[in-house]
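K.L.:
Here it is, the structure in full.
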Amino acid sequence: MIDEEKKIKIEINNINTIILDILCTEAIRKIKFILHILNELLKKKKNILHVYITNKIDHLSTHKKQRQM
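Numbering (this note's numbering), first residue to last: 1 to 69.
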């Protein structure tokens, strides 16, 4: 009877381990996806910021040239 209970506990532990592995794998997959999305958003923000700064510099340089004339 005791051996049977130990076997059942071991099987339950094995099942719990399998379930935990599946949940962790799924969680890691979702985290990787979220990180990918955040990375893409960061790239877009960086590009937008670069364009904004470039336009500001161009505007300032044009403004300076106009003042010199």
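Note that the Cβ used here is the ideal one computed from N, Cα and C, for glycine as well.
Small disclaimer: the values here were computed from a predicted structure and weren't measured.
By Cβ distance below 7 Å, which residues in the same chain neighbour Tyr52 in space, the five residues on each side in sequence not counted?
P.N.:
Mapped onto the sequence shown, residue 52 falls at position 52. Contacts found: none.
K.L.:
To the nearest angstrom, report how far apart Ile10 and Ile22 are at their CA atoms.
P.N.:
The residue labelled residue 10 in the question sits at position 10 within the sequence shown. The residue labelled residue 22 in the question sits at position 22 within the sequence shown. Cα-Cα distance, rounded: 18 Å.
K.L.:
Can you tell me the Cα-Cα spacing of Arg29 and Ile18, whole angstroms?
P.N.:
The count along the sequence shown starts at 1 and reaches residue 29 at position 29. The count along the sequence shown starts at 1 and reaches residue 18 at position 18. Their backbone Cα atoms lie some 17 Å apart in a straight line.
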